[in-house]
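Novice: Structure in structure tokens, see below.
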Amino acid sequence: MNTLMSAEGITKSFGATKVLSGIALSVAPGEPVGLFGPNGSGKTTLVNILSGLLLPDAGTVRFDGKEITRLPLDARYRLGIARTFQIPHPYPALSVREAVRVALVPRLTTLAVNAWKRKDGGGTREDEEGPTEDLLARTGLFDQRFVPCAQLSQGCLRRLEFARALACRPKLLILDEVLSALSAADEGDLMELLRAANRDEGTAFLLVSHNPPLLKSLCRRILVLEEGRIVRERTV
Amino acid sequence: MRDAAPSRAPKVSLRGGTPPARSPWRGGGWLAAGIGLLLLFPLSSPDAFFLDVFTTGFLLAAFAASWDVVGGVSGQITLGHALPFGAAAYSCALLTSFAGWPLPLAVAAAVLLAAVVGAGIGALSAPLAGPFVALLTLALGEIAHEVAVGHTFFSGPGGYAWGGEGGIPVALPWRDASPFSSYYAALVFLCLATFGMLLFARSNSGLILRAVAGSPITAQASGVPIARFKRLAFTVGSAFAGAAGAGFVLHVGRATATDLSLELSFQAATFAAVGGRGTIVGPAVAAIVLHVLFQGLSLPPSARVLLYALTLLVTLRFFPRGVAT
């Protein structure tokens, strides 16, 4: 089986508390994987290590054949690993549209530089507007595009997290409790968005959730984490 | 190919929001009227003292706007912004007086030095956040100030006052520039520098800096290398502060230790708080108004410091986002 991301022997302690003990997991390209576990089992710590927010005490993380254990969050995003946060941290002074544009700048800059090298007139304002408006439309935020992020509802904040994460056309999405505490409509829309990204763009994802039915409906494989160890693996 | 995917045509609607209010020309009418009045002011045959107060005010306004690039747009509260200002002032004086460099070359070198100083401050402060950035920049600024105050080469007798005796003179290719020419040169410099800073603040880099100021972790999770952008903010802000410092030393004729003082950094932060942080134009306008008001009253320096402190207190209490906003 091809492997997109793999982790081997991931161990992490905070002081005397051992949170993760020798975690090993892998995600194949385009594979939807779930991560289930009770509170305090180490799910968020594992997600933080896989996304580059935390360094493990021991173990390695590989992505696309390269070791990325010490690569920071922003560099992993540019490689194609995007993550969302359990509690969104919006930009208070930016509008929804500006917040999406921030996430698009690295990819658009690369596109503009490549177009400039090819001398085909790329990198114009139209090139920048298209992907921004496309993401806003896909995530259902187009009508709120000029609203300050600080005024968004919880559902819209989660949609914005999705838009931000999808901006880099990720190969792997790491989603930390992104579908919890939402209205049925918001949850349904975001689930469909996730399925579409997986189906149409081949985006693999690692979805962390407390909700087994939701994991079963979205994931092909579910990993169960207890007391810092993966104790079971189920294929759906 | 991933990037070749066709975009969906979104249904255009303005429901739920208003068009962006961050046009660089927002409030342009008031600004144009203000600039027009300032252009006409010397025609009313004012006292040379008032022309000098306004000229200094324009240079301080550019300095305040440059503080806003760092402290407002990118949210890195600096209390050592006088360091690039003073470094440029001293290098301009040293290069023209001691090394005999032509003035344009010395000014360019001074601005470059200020940018390098800013890049250094940015590199040191990039891993820090919030009050620790303010403390680090305060410490760096005060080290430079104390070196200049304590070393007779940098600050001779009486080198503690704006334009007083002491300090290091700058070798100017002209003698006794008329107050009118100084006034107009400073006004043109202020307009050009402010326009340049506005362009930077409205660019993609400015947008990313505002994101870093609002939520560093979300910015980093959006692919932004935040340390690099913090360095960029300090470098650009310091380059403009250096340009203001070079302009200041050309106006007053000598670099003194006051050009590196905490009081100067504090003034810039006060102007930004009053004018509205992150707006660039607001701090510049506040600097002109407050400087002309307080300087025009011919108050002793200690009274002016007290007035600046009171202004800051009142603003933070009643207009936390700035008087204009």
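Protein chains in written order, with the working numbering: chain S, 1240 to 1475; chain Z, 56 to 380. Cβ coordinates follow ideal geometry from the N, Cα and C atoms, glycine included. All of these numbers come straight from a predicted model, not from anything done at the bench.
Run through chain S and tell me which residues come within less than 8 Å of Ile263/Z, C-beta to C-beta.
Specialist: Val1341 and Val1344
Novice: Please report how far the alpha carbon of Ala170/Z lies from the alpha carbon of Arg1460/S, in whole angstroms.
Specialist: Between Ala170/Z and Arg1460/S, the C-alpha separation is close to 53 Å.
Novice: Who does Thr1299/S pair with in a DSSP beta bridge?
Specialist: Looking at the DSSP assignment, Thr1299/S forms a beta bridge with Glu1247/S.
Novice: Going straight from the alpha carbon of Trp217/Z to that of Gln322/Z, what length do you get?
Specialist: Caution is warranted here: a pLDDT of 40 is assigned to Trp217/Z, below 50, making its placement in the model unreliable, and no coordinate value can be reported.
Novice: Can you tell me where the beta strand (DSSP E) holding Arg1473/S begins and where it ends?
Specialist: For Arg1473/S, the uninterrupted beta strand (DSSP E) run begins and ends at Arg1468 to Thr1474, by DSSP.
Novice: Less than 9 Å between the beta carbons of Gly1273/S and Ser1448/S, yes or no?
Specialist: yes
Novice: Do Ala189/Z and Ile132/Z come within 9 Å of each other at the CB atom, strictly closer than that value?
Specialist: yes
Novice: Just to check my reading of the structure: Ala1338/S and Arg1403/S have Cβ atoms closer than 8 Å, yes? What is that Cβ distance to the nearest angstrom?
Specialist: 7 Å
Novice: Going by DSSP, name the residue or residues bridged to Val166/Z.
Specialist: In DSSP, Val166/Z forms no bridge with anything.
Novice: Can the beta-carbon of Pro1345/S be found less than 9 Å from the beta-carbon of Arg1317/S?
Specialist: Yes, Cβ-Cβ distance for Pro1345/S and Arg1317/S is below 9 Å.
Novice: DSSP puts Gly1273/S in a beta bridge; with which residues?
Specialist: Leu1446/S and Ile1461/S
Novice: Roughly how far, in whole angstroms, is the beta-carbon of Val267/Z from the beta-carbon of Ser129/Z, given that I think they are within contact range, below 8 Å?
Specialist: 6 Å
Novice: Measure the C-alpha to C-alpha separation of Ser1456/S and Gly1427/S and round it to an integer number of angstroms.
Specialist: 12 Å
Novice: If you draw a straight line from the C-alpha of Gly351/Z to the C-alpha of Pro97/Z, how long is it?
Specialist: Inter-residue distance for Gly351/Z and Pro97/Z is about 16 Å (C-alpha atoms, whole angstroms).
Novice: Determine the extent of the beta strand (DSSP E) in which Arg1322/S is found, giving its start and end residues.
Specialist: Ile1320 to Thr1323
Novice: Closer than 7 Å by beta-carbon distance: list the chain Z residues that pair up with Glu1337/S, in chain order.
Specialist: The answer, in chain order, is Leu262.
Novice: Distance cutoff 9 Å, beta carbons only. Does Ala1263/S sit that close to anything in chain Z?
Specialist: no
Novice: By the 10 Å Cβ neighbour count, where 16 or more other Cβ atoms means buried, how is Ala342/Z classified, buried or exposed?
Specialist: buried
Novice: Which residues, in chain order, does the stretch 253-285 of chain Z contribute to contact with chain S at a C-beta distance below 8 Å?
Specialist: Asn259, Leu262, Ile263, Arg265, Ala266, Ala268, Gly269, Ser270, Ile272, Thr273, Ala274, Gln275, Ala276, Ser277, Gly278, Val279, Pro280 and Ile281
Novice: Does DSSP classify Lys66/Z as helix, strand or coil?
Specialist: Summary for Lys66/Z: the model assigns pLDDT 38, below 50, so the residue's position carries little reliability; its value from the coordinates is reported in the next sentence. Looking at Lys66/Z - three-state DSSP - the assignment turns out to be coil, as it is neither helix nor strand.
Novice: For Phe295/Z, does the count of other Cβ atoms within 10 angstroms reach 16, so buried, or fall short, so exposed?
Specialist: buried
Novice: Short of 6 Å in beta carbon distance, which residues of its chain neighbour Ser117/Z, apart from the five on each side in sequence? Order them along the chain.
Specialist: The residue asked about is misnamed: residue 117/Z is Ala in this sequence, not Ser. Only Leu245, Ala248 and Ala299 meet the Cβ criterion.
Novice: Quick one: does Gly333/Z have its CB under 9 Å from some CB of chain S?
Specialist: Using a Cβ-Cβ cut-off of 9 Å, Gly333/Z counts as an interface residue toward chain S, since at least one Cβ of chain S sits closer than that to its own.
Novice: Quick check on Glu1416/S: does DSSP put it in helix, strand or coil?
Specialist: It is coil, neither helix nor strand.
Novice: Do you know how far the Cα of Phe289/Z is from the Cα of Phe235/Z?
Specialist: 33 Å
Novice: Give the secondary structure of Arg376/Z by DSSP, where H, G and I count as helix, E and B as strand, and everything else as coil.
Specialist: coil
Novice: Please name the residue, chosen from Thr1250/S, Ala1246/S, Gly1394/S and Ser1290/S, that lies closest to Ala1267/S on a Cα-to-Cα basis.
Specialist: If we check each option's Cα against that of Ala1267/S, Ala1246/S comes out closest.
Novice: Against Ala1332/S, what residues of chain Z qualify as contacts under a CB-to-CB distance less than 8 Å, listed in chain order?
Specialist: Arg265, Ala268, Gly269 and Gly333
Novice: Using 8 Å as the threshold, is the stretch 329-343 of chain Z in touch with the stretch 368-377 of chain Z, meaning 3 or more CB pairs across them?
Specialist: yes
Novice: Whole-angstrom Cβ separation of Leu1259/S and Ile1320/S, contact assumed at under 8 Å?
Specialist: With a Cβ gap of about 18 Å, Leu1259/S and Ile1320/S do not count as contacting.
Novice: From Thr1308/S to Leu1243/S, what does the alpha carbon distance come to, in whole angstroms?
Specialist: 14 Å
Novice: Name the DSSP beta bridge partners of Leu1264/S, please?
Specialist: Ala1246/S
Novice: Sort Phe373/Z, Thr273/Z and Val329/Z by Cα distance to Gln1325/S and report the nearest one.
Specialist: Checking every option, the nearest Cα to that of Gln1325/S belongs to Thr273/Z.
Novice: Any C-beta of chain Z sitting closer than 9 Å to the C-beta of Ala1435/S?
Specialist: no
Novice: Quick check: is the beta carbon of Ala1404/S nearer than 9 Å to any beta carbon in chain Z?
Specialist: yes
Novice: Excluding the five sequence neighbours on either side, which residues of its own chain have a C-beta within less than 8 Å of the C-beta of Leu368/Z, listed in chain order?
Specialist: none
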